[in-house]
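Here the structure is laid out as structure tokens; the discussion comes afterwards.
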Amino acid sequence: MTNLPFTIRKLMTIVTEAVIEQPLLKDLERLGAHGYTVTSARGKGSRGVRNAGWEADGNIRIEVVCDLDTATSIAAHLKERYYDNYAMVMLLSDVQVMRPDKF
Amino acid sequence: MDPIILFFLLGLIAGLLRADLRLPGSIYEFVSMLLLISIGLKGGVELASQPFLNLLPDMLAVVLMGIALPLVAFPVLLKLGGFRRADAASIAAHYGSVSVGTFAVGVAWMVTRDIFYESHLPLLLVMLEIPAILVGIILARGMSKGTAWGDVSREILLGKSIVLLVGGLLIGWLADPAGMASIEPFFFDLFKGILAVFLLEMGLIAAVQVGALRKYGLFLVAFGILMPLFSALIGAGLGWLLDFSVGGTALLATLAASASYIAVPAAMRISVPEANPTLSLTASLGITFPFNVLIGIPLYYELAQRMPIAGP
Chain L
1 MTNLPFTIRK
11 LMTIVTEAVI
21 EQPLLKDLER
31 LGAHGYTVTS
41 ARGKGSRGVR
51 NAGWEADGNI
61 RIEVVCDLDT
71 ATSIAAHLKE
81 RYYDNYAMVM
91 LLSDVQVMRP
101 DKF
Chain R
1 MDPIILFFLL
11 GLIAGLLRAD
21 LRLPGSIYEF
31 VSMLLLISIG
41 LKGGVELASQ
51 PFLNLLPDML
61 AVVLMGIALP
71 LVAFPVLLKL
81 GGFRRADAAS
91 IAAHYGSVSV
101 GTFAVGVAWM
111 VTRDIFYESH
121 LPLLLVMLEI
131 PAILVGIILA
141 RGMSKGTAWG
151 DVSREILLGK
161 SIVLLVGGLL
171 IGWLADPAGM
181 ASIEPFFFDL
191 FKGILAVFLL
201 EMGLIAAVQV
211 GALRKYGLFL
221 VAFGILMPLF
231 SALIGAGLGW
241 LLDFSVGGTA
251 LLATLAASAS
261 YIAVPAAMRI
271 SVPEANPTLS
281 LTASLGITFP
291 FNVLIGIPLY
301 YELAQRMPIA
311 GP
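Heads up: the sequence lines are chains L and R, in that order.
The opening position of the first sequence corresponds to residue 1 in the numbering used here, with each subsequent residue numbered one higher.
The opening position of the second sequence corresponds to residue 1 in the numbering used here, with each subsequent residue numbered one higher.
See below:
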């Protein structure tokens, strides 16, 4: 098998309230994310069950692949801007990508 | 008993018993969109038959009511209820604004009993939706600092309910009557069926909120019942001042009594994030919505009948 040229990048996964999707995506782009994926989500956490039964009760999961610097500035911004008042969880992990310039 | 009310009770009971029943989110969204469009269309068709300028005094009057109601609710919540400023402002905004679902049940109630009501009420519904949100935001944080008015106005003006209500009004207003006849079976004839499904889901949602009630105690329960009663008096008084019919007065009282759970929660979440959304939603969905649907609407009709009314 040939060795494929993989590079390590960061995968940020943000689970939060659907209501802040628009401002949040604007923030992500401003902070240097080249792209993102948004999916609808439901679940339970410290702020109770959010089962997406209706508008104000929906969660989203946003995934962003980016370099460490971008991830750091996004993380700092989210923590300062949203953590106090919104249901939000942010996870950071390493992923391997084949086209590092894309992220 | 009205079948649509029984659907609501079915949802409520199923929810309380934790039955395995859940409308898919996209179905709920579709059903609530249909309701908004139907109400808008119906109003628009009627509006086409009367000069718009005559309606301006009514529109202005309900805007004033939309500003006044949260101003009354706020100090009660702050002083008597002991809520934090942001929470009091947010709850007040919910109660100053309106619930389209409650209005739809009111309309169905009137139609079932062949009771006349003023056809521009959907327009007044639209007018009532927004002022309380602005008052709520200002009560929470004053005019100046930190409010992203751009995001807020986007959320308010381009939110689902305003776009579909206003859009429906315009379509009904602009479309020619012959053309409207072709879409009537879907939007008008099926209205009560759609409303029944919507109320089934609302029962399920309300049941979830009832669970949260135990945490927030008696004051919120009392507020969720007494505030709509007070607002209904104001609404009925306004209907009387504006020379509305009995049905119209009852529906205006219903509008005043209803508390928002679509437009306001979203707008408040964006603009006053420190307010606890569970408080306002527990009150508006867990108490006020069921109260209005089950007891309020017939009561407001009683009230309207007792007003000394000159109109038809």
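Built from N, CA and C at the ideal position, the CB exists for glycine as well.
Take residue i and list the residues in its own chain whose beta-carbon comes closer than 6 Å to its own, dropping the five residues that flank it on each side.
i	result
residue 305/R	246
residue 19/L	none
residue 65/L	9, 11 and 103
residue 39/L	61
residue 132/R	66, 70, 93, 96 and 97
residue 7/R	196, 199 and 200
residue 46/R	119
What does a CB cutoff of less than 7 Å around residue i pick up in its chain, not counting 5 residues either side in sequence?
i	result
residue 161/R	36, 100, 129, 262 and 263
residue 112/R	2
residue 227/R	73 and 95
residue 164/R	33, 36, 37 and 40
residue 249/R	236, 239, 240, 304, 307 and 309
residue 78/R	85 and 88
residue 41/L	15, 59, 60 and 61
residue 202/R	8, 11, 101 and 289
residue 70/L	31, 32 and 33
residue 293/R	5, 8, 102 and 105
residue 170/R	44
Take residue i and list the residues in its own chain whose beta-carbon comes closer than 8 Å to its own, dropping the five residues that flank it on each side.
i	result
residue 73/L	31 and 32
residue 213/R	220, 221, 282, 286 and 287
residue 127/R	59, 62, 63 and 66
residue 4/L	98
residue 148/R	270 and 271
Three-state secondary structure (DSSP) at residue i?
i	result
residue 96/L	strand
residue 60/L	strand
residue 171/R	helix
residue 12/L	strand
residue 21/R	coil
residue 180/R	helix
residue 139/R	helix
residue 301/R	helix
residue 116/R	coil
residue 230/R	helix
residue 103/L	coil
residue 193/R	helix
residue 241/R	helix
residue 83/L	coil
residue 150/R	helix
residue 159/R	coil
residue 74/L	helix
residue 130/R	coil
With a threshold of 7 Å between beta-carbons, can residue i be considered close to chain A, or not?
i	result
residue 3/L	This model lacks chain A altogether; the protein chains it does include are L and R.
On the DSSP bridge assignment, give the partners of residue i in chain order.
i	result
residue 7/L	97/L
residue 89/L	15/L
residue 106/L	Absent from the model: residue 106/L. The displayed extent of chain L is 1 to 103, so no value can be given.
ask   = Going along the chain, which unbroken runs of the alpha helix (DSSP H) with 4 or more residues stay wholly within the segment 59-114 of chain R?
value = 85-96 and 100-112
request  = Report the residues of the segment 250-272 of chain R with a CB closer than 8 Å to any CB of chain L, ordered along the chain.
outcome  = 261, 262, 265, 266, 269 and 270
Proximal residues, the segment 145-178 of chain R versus chain L, C-beta separation under 7 Å = 151
inquiry  = At 3 residues or longer, what runs of the beta strand (DSSP E) sit wholly inside the segment 17-49 of chain L?
reply    = 37-41 and 43-45
Completely contained alpha helix (DSSP H) runs for the segment 1-56 of chain R, where each covers 4 or more residues = 3-16 and 25-47
query = Taking a cut of 7 Å between CB atoms, which residues from the segment 80-95 of chain L lie near chain R?
reply = 85 and 86
ask   = Quick one: complete alpha helix (DSSP H) runs, 4+ long, within the segment 243-310 of chain R?
value = 246-257, 263-271, 277-281 and 297-306
inquiry  = For the segment 3-28 of chain L, list every residue whose C-beta sits within 8 Å of some C-beta in chain R, in sequence order.
reply    = 17, 19, 20, 22 and 23
ask   = Between the segment 116-146 of chain R and chain L, which residues of the former have CB atoms less than 7 Å from a CB of the latter, in chain order?
value = none
query = In chain order, what residues of the segment 58-81 of chain L put their CB closer than 8 Å to some CB of chain R?
reply = 58
key: Residues of the segment 1-26 of chain R whose Cβ lies closer than 8 Å to any Cβ of chain L, in chain order   = 22, 23 and 25
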